[in-house]
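Using full-length UniProt numbering, you'd call the opening residue of the sequence shown number 1 and step up by one each time.
Even glycine gets a Cβ: it sits at the ideal position worked out from N, Cα and C.
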Amino acid sequence: IPPLPFSPGPITPKNVLVVAGTDLMLMCHLSSNLAEALWTFEGQALGAKHTLLVQEPWLSVLVVPAAGAQNSGTYRCFSEEQGVRSALDAYEVQVL
């Protein structure tokens with residue numbers, strides 16, 4: 001009998017504290033160098049107008065310049081490759 005495929009459990013968000021007015025930076029390590037990162041905030045896809053996104057092979061960095069209280073919440077990073085989307089990282093951000 002072949003082994004069952006690995007199925008990771010739910011991702012527990014990492015807690016991140018940020019001082020208001022400073023840049024918020026979140027990193028996401030991608031599953032392959034061909035994967036594209038998709039970031040969400042409170043379940044909504046983040047567009048380029050709200051954030052800066054640095055994308056390199058194997059790594060995506062989300063930058064929110066001069067974070068404020070409106071940036072507190074849950075951020076998630078997904079890897080998308082060949083039509084398959086996988087959850088990679090999650091952050092619970094609190095701006096103080």
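Notebook entry, point to check: Between Asp89 and Thr74, what straight-line distance do the alpha-carbon atoms span, to the nearest angstrom?
Noted result: Their Cα atoms are separated by approximately 11 Å.
Margin query: Distance check for Phe41 and Arg76, CA to CA, integer angstroms please.
Written below: One C-alpha to the other measures close to 7 Å.
Notebook entry, point to check: Under three-state DSSP, which class holds Phe6?
Noted result: At Phe6, the pLDDT of 42 sits below 50, so the modelled position is not reliable and the matter cannot be decided from this model.
Next item on the list: Would you check if the distance between the CB atom of Leu67 and the CB atom of Phe78 is smaller than 7 Å?
Entry: In the sequence under discussion, the amino acid at residue 67 is Ala, which differs from the Leu named in the question. For Ala67 and Phe78, no; Cβs fall outside 7 Å.
Margin query: Between Leu24, Glu36 and Ala20, which has its C-alpha nearest Gly83's C-alpha?
Written below: Out of Leu24, Glu36 and Ala20, Glu36 has the C-alpha closest to the C-alpha of Gly83.
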